[in-house]
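To start, the structure under review is shown below, and the notes come after it.
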């Protein structure tokens, strides 16, 4: 059973293909700007060609729900919806921050992990999970200050907000891993689970999680 996975929440345009819950193909493109409009459909064609299958073999499509770039999320969602409509496939939604944590978990299985995307000013979109995969902070915006996360045990931070966060958080046991980036392959575990449990999105009404409804300065 093949699933196609699309991730467009950041400047990275990523497409992965999984078979029975395991990654078989993935392409990540990290350009200077947003290349999703030009690259996404091309990357989809490339992963299918590399696996030597057609779109008609697909059982479903997952898309990164955000939070993240308005433009990137709209492109990812509209592309996924169009393909699902055309091929009569179920649409699966996966947190983009959760996908990034899943990528990081392979290297840091016993750590608290925070995935954070750059938002604006001193704000980030963040999600935090325990080593067991339990949600400690749900996806959402947060305004950081120098006192944020000072009481937290060692925490791994990943995502394109790292450079900003380094300049704000001067204290605390934070281990920044700049080389770990969001990828559609991080969707596979959750998307496969959603598919097997028939947890599908409504094609007509589903929208990305833009996560700009509130602001918080809470600490853990």
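Numbering (this note's numbering), first residue to last: 52 to 271.
All C-beta atoms, glycine included, are put in the ideal place defined by N, C-alpha and C.
Check, Outcome
"With a threshold of 16 other CB atoms inside 10 Å of the CB of residue 62, please say whether the residue is buried or exposed.", "buried"
"Starting from residue 113, trace the beta strand (DSSP E) in both directions and tell me its first and last residue.", "109-115"
"Which ranges would you report for the beta strand (DSSP E) in the stretch 176-224 if only whole runs of at least 3 residues count?", "186-194 and 206-209"
"Would you kindly check if the distance between the Cβ of residue 225 and the Cβ of residue 155 is under 8 angstroms?", "no"
"How should residue 93 be labelled, buried or exposed, when 16 other C-beta atoms within 10 angstroms of its C-beta is the threshold for buried?", "exposed"
"Rounded to whole angstroms, what is the Cα-Cα separation between residue 243 and residue 139?", "18 angstroms"
"Identify the residues that DSSP records as bridge partners of residue 165: which are they?", "179 and 208"
"State buried or exposed for residue 87, treating a residue as buried only when at least 16 other CB atoms are found within 10 Å of its CB.", "buried"
"From which residue to which residue does the alpha helix (DSSP H) around residue 171 run?", "It is not in any alpha helix (DSSP H) - residue 171 carries neither H nor E in the DSSP assignment."
"Assign residue 107 to buried or exposed, taking buried as 16 or more other Cβ atoms, counted over all protein chains shown, within 10 Å of its Cβ.", "exposed"
"In this structure, does DSSP put residue 24 in helix, strand or coil?", "No statement about residue 24 is possible, as the shown extent of the chain runs from 52 to 271 and does not include it."
"For residue 57, does the three-state DSSP call read helix, strand or coil?", "strand"
"Decide if the stretch 160-171 is in contact with the stretch 125-145; the criterion is three or more beta carbon pairs, one per stretch, under 8 angstroms apart.", "no"
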